[in-house]
Ligand code: HMG
Ligand code: MG
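In this note's numbering, the protein residues as written are 1 to 303.
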């Protein structure tokens with residue numbers, strides 16, 4: 001299949017990237033500045049916050065303040081994670097959220113650890129969120145985690161993923177993002193998973209959300225883009241990981257994805273040099289190493 005002419009990159013750094021950051025709570029201004037810089041670099045879809053329980057994920061406890069601090073740019077979608085009706089109500093109250101994201105998994109064990117319920121219960125929880133979203137004209141994205149492997153249950157069968165993805169679409173999600181939460185996939189396995197899912201959900205409603213724990217994310221992304229998938233989630237500087245998936249490292253780095261896509265002649269609308277500056281800035285703020293090979297290779301333009 002021909003490669004797509006363009007790919008929509010969904011930046012999840014401010015949420016997936018920062019939710020698992022150890023140490024002190026990152027200042028709200030740093031989070032807001034990160035979102036502003038990402039929009040300035042041309043990211044048109046930014047997951048900015050997460051309205052989950054601060055007892056479960058302390059780094060996301062200032063979600064409302066983060067949203068309040070954002071100066072929204074035209075043409076940019078600002079998204080927030082909402083695990084339950086309470087989270088959705090809080091997100092909508094900010095008046096700033098363009099999109100909510102609900103999340104479940106293909107593994108019962110992971111769903112229990114992450115959101116303390118069964119897969120079926122999680123889907124039921126989403127019904128009032130969908131209704132609220134519809135009343136407010138806000139679209140809802142769905143996540144399926146552990147689409148290849150689960151840290152608690154091992155290998156996941158592609159048909160399990162397909163069934164949950166289909167449920168999310170049937171319940172009103174406009175798009176489903178397929179999460180290789182612990183980055184265990186390899187190209188043929190993710191292709192087999194995508195083949196099963198795309199029999200239930202059209203390819204244009206699917207996104208890839210690959211963590212890079214085993215260094216396979218770019219290879220896996222190339223494999224699924226070749227199959228016609230054209231929405232990729234990634235995290236600036238490769239920040240992140242899921243606090244309820246032992247050993248999960250960050251998402252694939254946005255800089256590395258953009259470099260690969262541009263090299264393939266695929267448009268993203270992203271200014272790589274600006275993005276790399278943001279990458280160095282945020283890793284300086286966090287006092288951590290940079291997970292992007294491209295950012296390391298390009299150095300910091302400000303120096
Ligand atoms: P629970 O303990 O079953 O529910 O948690 P609860 O209703 O008993 O609530 C527990 C406490 O949290 C209560 O406070 C609630 O009031 C409060 P207390 O009475 O003890 O003082 N609470 C809330 N506070 C603020 N906002 C809310 C909210 N809801 C309850 N919305 C719950 C259930 C879903 C809340 C919890 O399990 C939770 O927050 N889990 C989130 C875990 C999480 O954020 N994981 C990371 C995101 S998912 C991910 O990273 C994967 C992804 O990237 C894709 C991939 O990589 O595969 C998306
Ligand atoms: Mg993730």
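Glycine is no exception: its CB is placed at the ideal position from the N, C-alpha and C atoms. Just so you know, these numbers come straight off a predicted model, no measurement behind them.
Apart from the five residues on each side of it in sequence, which residues of its chain come closer than 6 Å, Cβ to Cβ, to residue i?
{"i": "residue 284", "result": "none"}
{"i": "residue 132", "result": "88"}
{"i": "residue 76", "result": "39 and 44"}
Write down the C-beta distance between residue i and residue j rounded to the nearest angstrom, noting that I regard them as a contact closer than 8 Å.
{"i": "residue 335", "j": "residue 36", "result": "Limits of the chain in this structure are 1 at one end and 303 at the other, which puts residue 335 out of reach."}
{"i": "residue 130", "j": "residue 172", "result": "4 Å"}
{"i": "residue 179", "j": "residue 147", "result": "6 Å"}
{"i": "residue 12", "j": "residue 271", "result": "So it is not a contact: roughly 19 Å between Cβ atoms."}
{"i": "residue 278", "j": "residue 41", "result": "6 Å"}
Would you identify the three-state DSSP class for residue i, choosing helix, strand or coil?
{"i": "residue 280", "result": "helix"}
{"i": "residue 178", "result": "strand"}
{"i": "residue 234", "result": "strand"}
{"i": "residue 79", "result": "strand"}
{"i": "residue 111", "result": "helix"}
{"i": "residue 125", "result": "helix"}
{"i": "residue 220", "result": "helix"}
{"i": "residue 36", "result": "helix"}
{"i": "residue 5", "result": "coil"}
{"i": "residue 142", "result": "strand"}
For residue i, collect the residues of the same chain with a Cβ closer than 7 Å to its Cβ; drop the 5 residues on either side in sequence, then sort them by chain order.
{"i": "residue 48", "result": "14, 15, 35, 66, 67, 70, 78, 79 and 80"}
{"i": "residue 109", "result": "150, 152 and 153"}
{"i": "residue 122", "result": "104, 111 and 115"}
{"i": "residue 238", "result": "212, 250, 251, 252, 253, 291 and 292"}
{"i": "residue 169", "result": "176, 201 and 205"}
{"i": "residue 298", "result": "276"}
{"i": "residue 300", "result": "277 and 280"}
Give a yes or no on whether the C-beta atoms belonging to residue i and residue j are separated by under 9 Å.
{"i": "residue 138", "j": "residue 100", "result": "yes"}
{"i": "residue 107", "j": "residue 143", "result": "no"}
{"i": "residue 196", "j": "residue 229", "result": "no"}
{"i": "residue 91", "j": "residue 51", "result": "yes"}
{"i": "residue 219", "j": "residue 255", "result": "no"}
{"i": "residue 217", "j": "residue 265", "result": "no"}
Please list, in chain order, all residues of the same chain as residue i whose beta carbon is under 8 Å from its beta carbon, the five residues on each side excluded.
{"i": "residue 191", "result": "223, 224 and 227"}
{"i": "residue 58", "result": "25"}
{"i": "residue 199", "result": "162"}
{"i": "residue 174", "result": "139, 140, 141 and 205"}
According to DSSP, which residues form a beta bridge with residue i?
{"i": "residue 51", "result": "Its beta-bridge partners do not exist; DSSP assigns none."}
{"i": "residue 244", "result": "Paired residue(s): none; residue 244 is not in a bridge."}
{"i": "residue 149", "result": "155"}
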